[in-house]
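K.L.:
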Amino acid sequence: MQVACHPRLLACISSRTDLLYRQQHTARQWGITMVSALLASRRLVVGCNIRQAANALLVNAYASSNAAKAQASRTLSTAFQRTKPHLNIGTIGHVDHGKTTLTAAITKVLAEAGGAEFRSYDDIDKAPEERQRKITINTSHVEYETGKRHYAHVDCPGHADYVKNMITGAAQMDGGILVVSATDGAMPQTREHILLAKQVGIPRLVVFMNKCDMVKDEELLELVEMEVRELLDFYEFPGDDTPIIRGSALAAVEGTDDNLGKNAILKLMDAVDDNIPTPPRELDKPFLMPVEDV
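Dropping the structure here:
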């Protein structure tokens, strides 16, 4: 039976599809009421009685809903299908050393290769207070993939007042990216985050020496690198074997210097791929899901 109906009626019924599934005994009466109202206002013309029109429109709504649900199911199955090993990683380090900017830079560079969706600084630090103070307060999560692995990335706060939030994020990591500003060197939260990373069981770190475009003295860069390696050794990480990548996260985001920007980010991700091992996943054990912000 062909029924000509006003688009608003079909949209209204479609939007109520889930309710109709749960309350089928009232669905038909609700449809009849809608048809009656639209007939009264002369916005609907049907070639059958009101009850038949309501039945036909509800069938159309169910069919549209089923098609939409099938499409959503196909989309979700495609989005969550993983063909690469998965690793949980994150950025740690002192406040204002560029952790969130580096996170944005990674998504930007990898997005150009189709391995991520670009997330800007403001997309990562969404809270009004974070934007006002220009610091990360709560952990933020992004995902991306390289040629070898799929990553879930946690951007941790660096401020001393929010170390609890940093621990929450670090506890989920299989490896970490320690961000150190070339202009400051190792700072109090640099030391604290290395210690906490060791205590929560992060096995390996890769270091990104940020803001190298602001330092022209090569000897100063070498001193910062030496200081970081000594810190890693002190907290029982393999300092001499830890890759330290020099670059500028801001240059990568703005596209102003490929050598310190895009190329440094690619070199960083290669170092992460090669130096942070993929942990064994005990798939035969009971499911465990961490919960935060309840």
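Per our numbering, residue 143 is the first one in the sequence shown, and the count goes up by one each step. We treat Cβ as the ideally placed atom computed from N, Cα and C, and that holds for glycine. The structure presented is a predicted model; accordingly, all values stated were derived computationally and were not measured.
(1) Would Leu408 be called buried (16 or more neighbouring beta carbons within 10 Å of its own) or exposed?
(2) Which partner residues of Ala294 appear in the DSSP bridge assignment?
(3) Can you tell which of Asp326, Asn405, Val321 and Arg388 has its C-alpha closest to the C-alpha of Leu347?
(4) Taking only runs that begin and end inside the stretch 360 to 434, name each unbroken beta strand (DSSP E) of 3 or more residues, in chain order.
(5) With distances taken between CB atoms, is the gap from Val251 to Ala394 smaller than 8 Å?
(6) What residue does the alpha helix (DSSP H) around Ile248 start on, and which one ends it?
(7) On a Cα-Cα basis, can you pick out the residue from Ser323, Gly257 and Asp382 that is closest to His236?
(8) Going by alpha carbons, who is nearest to Ile386 out of Asp399, Glu396, Asp412 and Glu378?
(9) Quick one: grab the DSSP three-state call for Ile319.
(10) Taking only the alpha-carbon atoms, compute the straight-line gap between Thr220 and Pro330 and give it to the nearest angstrom.
(11) Rounded to the nearest angstrom, what separates Lys226 and Pro421 at their Cα positions?
(12) Go to Phe260, then tell me how far its beta strand (DSSP E) extends in each direction, as first and last residue.
(13) Might you give, ordered along the chain, the residues of its own chain that have their beta carbon closer than 6 Å to the beta carbon of Ile418, omitting 5 neighbours on each side?
(14) Along the chain, where does the beta strand (DSSP E) that runs through Met351 open and close?
(15) Which whole-angstrom value describes the C-beta separation of Ala391 and Leu244, a residue pair presumed to lie in contact below a C-beta threshold of 8 Å?
(16) Find out if the Cβ-Cβ distance for the pair Gly470, Leu402 is shorter than 8 Å.
(17) How many angstroms separate the CA atom of Met351 from the CA atom of Thr384?
(18) Which residues in the same chain have their Cβ closer than 6 Å to the Cβ of Met356, if we skip the five residues on either side of it in sequence?
(19) Answer with buried or exposed for Gln423, where buried requires no fewer than 16 other C-beta atoms within 10 angstroms of its C-beta.
(20) Rounding to the nearest angstrom, what Cα-Cα distance links Met431 and Tyr293 in this structure?
(21) Can you name the residues that DSSP bridges to Gly235?
(22) Looking only at its own chain, which residues have a Cβ that is under 6 Å from the Cβ of Lys290, when we skip the five neighbours before and after it?
(23) Give the range of the alpha helix (DSSP H) segment to which Ile336 is assigned.
(24) Can you round the beta-carbon distance between Ile344 and Tyr377 to whole angstroms, since I take them to be within the 8 Å contact cut?
(25) Could you have a look at Asp355 and say whether DSSP puts it in helix, strand or coil?
(26) Using 10 angstroms around the beta-carbon of Pro428, count the other beta-carbons present and answer buried if the total reaches 16, otherwise exposed.
(27) Taking the alpha-carbon positions, what's the Asp359 to Pro380 distance?
(28) Kindly indicate which three-state DSSP category Asp326 falls into: helix, strand or coil?
P.N.:
On the basis of the coordinates in this document:
(1) buried
(2) Asn230 and Glu285
(3) Val321
(4) 386 to 388
(5) yes
(6) Lys241 to Glu254
(7) Ser323
(8) Asp412
(9) strand
(10) In this predicted model, Thr220 has a pLDDT of only 49, less than 50, meaning its place in the structure is not dependable; the value taken from the coordinates is given anyway. Straight-line Cα distance between these residues: approximately 44 Å.
(11) 13 Å
(12) Looking at the DSSP string, Phe260 is not in any beta strand (DSSP E), and its letter there is neither H nor E.
(13) Gly317 and Arg346
(14) Leu347 to Asn352
(15) 4 Å
(16) This structure cannot speak to residue 470, because the chain is shown only from 143 to 436.
(17) 12 Å
(18) Thr325
(19) According to the sequence shown, residue 423 is Arg rather than Gln. The residue in question, Arg423, is exposed, as its Cβ has fewer than 16 Cβ neighbours within 10 Å.
(20) 17 Å
(21) Val321
(22) Asp415
(23) Pro330 to Gln341
(24) With 8 Å as the limit, Ile344 and Tyr377 do not qualify as a contact, their Cβ atoms being about 11 Å apart.
(25) helix
(26) exposed
(27) 26 Å
(28) coil
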